[in-house]
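Scroll down for the structure; my scribbles are underneath it.
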Amino acid sequence: MAESSRSHFHRSFVLALSTALSSALAAQTVAVNTCDDAVDFAAPQTVAQLPGPDGEVSFREACLAANNTPGPQTIAFAIPSSKWWLDPKQALLRQEFGIFLLSDDATTVDFSTQTAFTGNTNPAGGEVGIFGLEPNAWSVASIYVTGDGCVVRGLDRVVQRGHGVQLVGNGNRVVGCTIWGPLYSGVYISGGFGGAPATGNVVGGTQPGEGNVLSSGNDGVRIDAPAVGNLVLGNKLSGSWHGVAVRGSQFTSTANGNRIGGTTAAERNVIAGAGHYGEEGFPVGAQVAITWADGTIVEGNYIGTSADGMSAAAQTGPAGIVLESNASNTIVRNNLISGIVVPGAGPHYAGQTFGAGIQLYGMGSGTRIEGNRIGTDATGQQPLANYYGIRDASFPGSAPAFDTRIGGALPGQANTIAFNQQAGVFLTTSIQGVRVSSNSIHSNGLLGIDLFPAGPSANDALDLDAGPNGLQNYPVLQSASADAASVRVVGALNSSASANFTLEFFASPQLDASGFGEGQQYLGSTAVATNALGNAAFDATLPAVVPQGWFVSATATLDASGSTSEFSAAVAVVPGAGLWANLGQGLAGVNGVPLLTGSGVLVPAAPIHWSLANAKRNTSAWFVVGASQLSLPILGGVLVPAPDFAFFAPTSGAGTASLSPSLVQPLPPGQQITVQAWLIDPAGAFGWAASNAIAASAP
Numbered sequence: 190m191a192e193s194s195r196s197h198f199h200r201s202f203v204l205a206l207s208t209a210l211s212s213a214l215a216a217q218t219v220a221v222n223t224c225d226d227a228v229d230f231a232a233p234q235t236v237a238q239l240p241g242p243d244g245e246v247s248f249r250e251a252c253l254a255a256n257n258t259p260g261p262q263t264i265a266f267a268i269p270s271s272k273w274w275l276d277p278k279q280a281l282l283r284q285e286f287g288i289f290l291l292s293d294d295a296t297t298v299d300f301s302t303q304t305a306f307t308g309n310t311n312p313a314g315g316e317v318g319i320f321g322l323e324p325n326a327w328s329v330a331s332i333y334v335t336g337d338g339c340v341v342r343g344l345d346r347v348v349q350r351g352h353g354v355q356l357v358g359n360g361n362r363v364v365g366c367t368i369w370g371p372l373y374s375g376v377y378i379s380g381g382f383g384g385a386p387a388t389g390n391v392v393g394g395t396q397p398g399e400g401n402v403l404s405s406g407n408d409g410v411r412i413d414a415p416a417v418g419n420l421v422l423g424n425k426l427s428g429s430w431h432g433v434a435v436r437g438s439q440f441t442s443t444a445n446g447n448r449i450g451g452t453t454a455a456e457r458n459v460i461a462g463a464g465h466y467g468e469e470g471f472p473v474g475a476q477v478a479i480t481w482a483d484g485t486i487v488e489g490n491y492i493g494t495s496a497d498g499m500s501a502a503a504q505t506g507p508a509g510i511v512l513e514s515n516a517s518n519t520i521v522r523n524n525l526i527s528g529i530v531v532p533g534a535g536p537h538y539a540g541q542t543f544g545a546g547i548q549l550y551g552m553g554s555g556t557r558i559e560g561n562r563i564g565t566d567a568t569g570q571q572p573l574a575n576y577y578g579i580r581d582a583s584f585p586g587s588a589p590a591f592d593t594r595i596g597g598a599l600p601g602q603a604n605t606i607a608f609n610q611q612a613g614v615f616l617t618t619s620i621q622g623v624r625v626s627s628n629s630i631h632s633n634g635l636l637g638i639d640l641f642p643a644g645p646s647a648n649d650a651l652d653l654d655a656g657p658n659g660l661q662n663y664p665v666l667q668s669a670s671a672d673a674a675s676v677r678v679v680g681a682l683n684s685s686a687s688a689n690f691t692l693e694f695f696a697s698p699q700l701d702a703s704g705f706g707e708g709q710q711y712l713g714s715t716a717v718a719t720n721a722l723g724n725a726a727f728d729a730t731l732p733a734v735v736p737q738g739w740f741v742s743a744t745a746t747l748d749a750s751g752s753t754s755e756f757s758a759a760v761a762v763v764p765g766a767g768l769w770a771n772l773g774q775g776l777a778g779v780n781g782v783p784l785l786t787g788s789g790v791l792v793p794a795a796p797i798h799w800s801l802a803n804a805k806r807n808t809s810a811w812f813v814v815g816a817s818q819l820s821l822p823i824l825g826g827v828l829v830p831a832p833d834f835a836f837f838a839p840t841s842g843a844g845t846a847s848l849s850p851s852l853v854q855p856l857p858p859g860q861q862i863t864v865q866a867w868l869i870d871p872a873g874a875f876g877w878a879a880s881n882a883i884a885a886s887a888p
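For the sequence shown, the residue numbers in the working numbering are 190 to 888.
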């Protein structure tokens, strides 16, 4: 089922459920009036047999009666404060004889009704909690829901060594709770090992008062396989390990199609404050953890920040979102993920810093990271740094993740990855196929995109080195010039032979301290194909407005694998009026057709610059200059200037050459000058190679 269809199904299901419940709640209501865990009413233990001989109704009796009585039931609470045995602010239900089971469909447990009976005695939360007294209750739930369409509302503190509420059935809801305490999780969704998946359950909601505050246990919300299509909406979540954890299984079924957050502000979860320190001072945990799950959507949440997204929350978990162990087809979309900077602690990690907005571990495929703000505040304009923006941390020797896309060219897919203390995107050991596309990456402490080892990687001939993303070579830019509506970028790429690449271009107001990137403004892309020697020259004109004095950089992505390079060294943008037109007409040599570019205005004493690249190394070359072209082509169809002048300039060991002449006398207005480079190259026709021709006209 497509995501839009799935979301519509969930919303329709919840709406229909709410409507059905509201029409029937008044039919059967049982009021709990004691904190004791006692059962003394007679068979068949339906609502009609309550109360028992003691004249009281315990929560366990109410659950039994609801389970045994056909039709929807509501369990309400009216416990006199004189019976509150432990905490003067709230009624704590004693749990002494196992789980409180809800097995009948459409049962509502409304703990918030206690407030109407005694008033708001606990401003920090609800007036009813649960206190576990059973010595063998390790890892079990306090409230265990196997029925469908049930609602648990308004529960507060749960002192139990298991889960606050466990949902095994389908279409159940947990709303308006403030669950905290020494738990494995506040709310746990799982169909159970080997059982049918728990489906369509909703934790929280979009209406006022439906969101939960879950701040206890290892996980605020935990979704374990088998679990399909469950929703976590509008909550404040944290935990000593994770705010939300979605865990599939490599041995049985996985957790499929679960969604955390959504497209509206009402669906937004605020997930922050999770994590703890291990025994040696290493911070562990994450705000959101996805493990062995498929098709999880994390959308529209504030992760690591305050509820308004303008400041960082105190936390110990060193990751905003962690995807690990074959978490596949995960969509991380339109979230704010910031403020994940965590200091290590003693005895071994004091003085070290940890943290990443998104952390990727190996083996997963199909990850899409789109439209997020990573390292900024909610406006996207001011810093709220993570330590790293996005970091791959696959273990050496592990199976690499692949087909990961960070950003994209479609509207809304680009991320803003900015102001992070270290690299914006840092890929380490074995990860491959990470396509980093169309994003705004800027103002990070280190490189915008960094392929391990840290720092700018050197290009190598034919791109034969190995590493994250194959240490894909980046383009080499020669010039960037702009006019009022476009920018022209000229350069070359050397990489894998006879391969197709997508080059993307970016502009930034400031040059990175390394000289490489970053890329604040996406300008556009062009496709190139390398020849048998791995060379491809390009001359791209992009419809974008770039101020003079900004800097342009580029990335290269190998189309076959989706692996993206680091940012190239940046070049300054110069006015476009001085850029010479490319007439083409080159003659290939050992490195393909040499690329000639020119800049400068044809007026006396003005600087003119001609640059040759992609040429045979260490050979003789001549810049042929003429006021007209030959009327006939020579050497296989190459048009050349009628040679008025020829300037000798041997190529370097990098296959480049340049000249900077100037005019002594003015030219007639409109007079065109044409330049072409010729060089000795045994691989070319008749032992020669020729560049494209360039031309400019006198103003």
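Where a beta carbon is used, it is the ideal one built from N, C-alpha and C, also for glycine.
Computed from a prediction, not measured in an experiment: that's the story for all the values here.
Classify Tyr722 as helix, strand or coil using the three-state DSSP reduction. Start at 1 with the first residue of the sequence shown, and residue 722 comes out as number 533. For clarity, residue 722 is Leu in the given sequence; the question names Tyr instead. Leu722: coil per DSSP, three-state reduction.
Residues near Thr565 in its chain [Cβ-Cβ closer than 8 Å; skip 5 each side]: Against the sequence shown, residue 565 aligns to sequence position 376. Once the five neighbours on either side are set aside, the close Cβ partners of Thr565 are Leu525, Ser527, Gln571, Pro572, Leu573, Thr605, Ala607 and Phe608.
Using beta-carbon positions only, say whether Gln710 and Val735 come within less than 9 Å of one another. Taking the first residue of the sequence shown as position 1, residue 710 is located at position 521. Taking the first residue of the sequence shown as position 1, residue 735 is located at position 546. If you check the CB distance, Gln710 and Val735 come in under 9 Å.
Using a 10 Å radius around the Cβ and a threshold of 16 neighbouring Cβ atoms, would you call Ala539 buried or exposed? Stepping through the sequence shown from its first residue, residue 539 is reached at position 350. The residue is exposed, with fewer than 16 neighbouring Cβ atoms inside 10 Å.
3 or more residues per run - each beta strand (DSSP E) lying fully within the segment 540–616: 545–549, 557–559, 577–581, 593–596, 605–607 and 614–616
Residue range of the alpha helix (DSSP H) that Leu253 falls in? The residue given as residue 253 occupies position 64 in the sequence shown. Per DSSP, Leu253 belongs to the alpha helix (DSSP H) from Phe248 to Asn257.
Decide if Ala400 is buried, meaning its Cβ has at least 16 other Cβ atoms within 10 Å, or exposed. In the sequence shown, the residue the question calls residue 400 occupies position 211. First, the residue type needs correcting, since residue 400 is Gly and not Ala in the sequence shown. Buried.
If contacts are defined as beta-carbon pairs under 8 Å, then Leu422 and Gly394 qualify, I think. What distance do you get, rounded to the angstrom? Against the sequence shown, residue 422 aligns to sequence position 233. Against the sequence shown, residue 394 aligns to sequence position 205. Going by Cβ atoms, the distance from Leu422 to Gly394 rounds to 6 Å, so yes, they are a contact pair.
Checking 9 Å against the spacing of the C-beta atoms, do Val813 and Trp867 come in under that value? Position 624 of the sequence shown holds residue 813. Position 678 of the sequence shown holds residue 867. A contact, by the Cβ cut-off of 9 Å.
Buried/exposed call for Gln699, threshold 16 Cβ in 10 Å: Along the sequence shown, read from residue 1 onward, the residue named residue 699 stands at position 510. It counts as exposed.
Looking at the strands, I want to know which residues DSSP matches up with His352. One-based indexing of the sequence shown puts residue 352 at position 163. Per the DSSP secondary-structure output, His352 pairs in a beta bridge with Ala330 and Ser374.
By the 10 Å Cβ neighbour count, where 16 or more other Cβ atoms means buried, how is Lys272 classified, buried or exposed? Counting from 1 along the sequence shown, the entry for residue 272 is found at position 83. If you draw a 10 Å sphere on the C-beta of Lys272, you find fewer than 16 other C-beta atoms in it, and that means exposed.
Could you spell out where the beta strand (DSSP E) holding Gln865 opens and where it closes? Counted from its first residue, the sequence shown places residue 865 at position 676. From DSSP, the beta strand (DSSP E) with Gln865 extends over Gln861 to Ile869.
Simplified DSSP state of Phe306, which is helix, strand or coil: By 1-based counting over the sequence shown, the position of residue 306 is 117. Phe306 falls in the helix class under three-state DSSP.
Going by the CB atoms, is the gap between Ser500 and Thr932 shorter than 9 Å? Within the shown structure, residues of the chain are numbered from 190 to 888, placing residue 932 beyond reach of any answer.
Taking all protein chains shown into account, do 16 or more other C-beta atoms lie within 10 angstroms of the C-beta of Arg806, making it buried, or fewer, making it exposed? Start at 1 with the first residue of the sequence shown, and residue 806 comes out as number 617. Answer is exposed; the Cβ neighbour count stays below 16.
Measuring from the CB of Gln303, is there a heavy atom of the ligand PLP at a distance below 8 Å? No copy of the ligand PLP occurs in the structure displayed, which carries no ligand at all.
Determine, using beta carbons only, whether Thr593 comes closer than 9 Å to chain D. Of the protein chains in this structure there is only one, and it is not chain D.
Per-residue burial, Glu469 [other beta carbons within 10 Å of its own, 16 or more giving buried]: Residue 469 sits at position 280 when you count from the first residue of the sequence shown. By the neighbour-count rule (16 or more Cβ atoms within 10 Å), Glu469 is not buried but exposed.
Nearest to Ala831 (by Cα), restricted to the options Ala804, Ser626 and Ala882: Residue mapping note: residue 831 aligns to position 642 of the sequence shown, counting from 1. Measuring from the Cα of Ala831, the nearest candidate turns out to be Ala882.
Are Phe690 and Ala745 close, meaning C-beta to C-beta below 9 Å? Position 501 of the sequence shown, counted from the start, is the residue given in the question as residue 690. Position 556 of the sequence shown, counted from the start, is the residue given in the question as residue 745. Contact: yes.
Mapping the DSSP letters down to three states, classify Gln476 as helix, strand or coil. Looking up residue 476 in the sequence shown gives position 287. The answer is strand: DSSP assigns Gln476 an E or B state.
Taking C-beta to C-beta, are Ile630 and Gly578 nearer than 9 Å? On the sequence shown, position 441 is the one that residue 630 refers to. On the sequence shown, position 389 is the one that residue 578 refers to. Between Ile630 and Gly578, the CB-CB gap stays under 9 Å.
First and last residue of the uninterrupted beta strand (DSSP E) at His798: Along the sequence shown, one-based indexing puts residue 798 at 609. That run of the beta strand (DSSP E) goes His798 to Ala802.
Between the alpha carbons of Phe756 and Asn523, how many angstroms are there, rounded? Position 567 of the sequence shown, counted from the first residue, corresponds to residue 756. Position 334 of the sequence shown, counted from the first residue, corresponds to residue 523. Cα to Cα, Phe756 sits roughly 24 Å from Asn523.
Nearest-angstrom beta carbon gap, Leu848 and Trp799 [assumed within contact, 8 Å]: Numbered from 1 along the sequence shown, position 610 holds the residue referred to as residue 799. Numbered from 1 along the sequence shown, position 659 holds the residue referred to as residue 848. The Cβ separation is near 5 Å, so the contact holds.
Mind checking which residues open and close the beta strand (DSSP E) that includes Gln621? Taking the sequence shown and counting its residues from 1, one reaches residue 621 at position 432. Per DSSP, Gln621 belongs to no beta strand (DSSP E) and is neither H nor E.
For a test of the three-state rule: what should DSSP assign to Gln238, helix, strand or coil? For the purposes of this step, residue 238 is taken as the residue at position 49 of the sequence shown. The three-state reading of DSSP puts Gln238 in helix, counting H, G and I together.
Would you kindly work out how many angstroms separate the C-alpha atoms of Ala759 and Asn662, rounded to a whole number? Counted from its first residue, the sequence shown places residue 759 at position 570. Counted from its first residue, the sequence shown places residue 662 at position 473. If I take the Cα positions, the gap works out to 15 Å.
Report the rounded CA-to-CA distance for Asp581 versus Asp483, giving the unit in angstroms. Position 392 of the sequence shown, counted from the first residue, corresponds to residue 581. Position 294 of the sequence shown, counted from the first residue, corresponds to residue 483. For Asp581 and Asp483, the gap between their C-alpha atoms comes out near 19 Å.
According to the neighbour-count rule (16 or more other Cβ atoms, all chains shown, within 10 Å of its Cβ), is Phe615 buried or exposed? Numbered from its first residue, the sequence shown carries residue 615 at position 426. Around the beta-carbon of Phe615, 16 or more other beta-carbon atoms lie within 10 Å, marking it buried.
Please state the DSSP three-state secondary structure of Ala387. As a position in the sequence shown, residue 387 is number 198, starting the count at 1. Strand, per DSSP.
Can you give the Cα-Cα distance for Asp226 and Thr310, rounded to whole angstroms? Counting from 1 along the sequence shown, the entry for residue 226 is found at position 37. Counting from 1 along the sequence shown, the entry for residue 310 is found at position 121. Approximately 22 Å between the Cα atoms of the pair.
Where does Ser632 land, buried or exposed, given buried means 16+ other C-beta within 10 angstroms? Stepping through the sequence shown from its first residue, residue 632 is reached at position 443. With 16 or more other Cβ atoms from the protein chains shown falling within 10 Å of its own Cβ, Ser632 counts as buried.
Using C-beta distances below 6 Å, list every residue in its chain close to Arg594, excluding the 5 sequence neighbours before and after it, in chain order. Counted from its first residue, the sequence shown places residue 594 at position 405. Excluding residues within five positions, the ones whose Cβ falls inside 6 Å are Arg557 and Arg624.
Does Pro764 pass the burial test, meaning 16 or more other C-beta atoms within 10 Å, or should it be called exposed? Sequence index remark: in the sequence shown, residue 764 carries index 575 (1-based). Answer is exposed; the Cβ neighbour count stays below 16.
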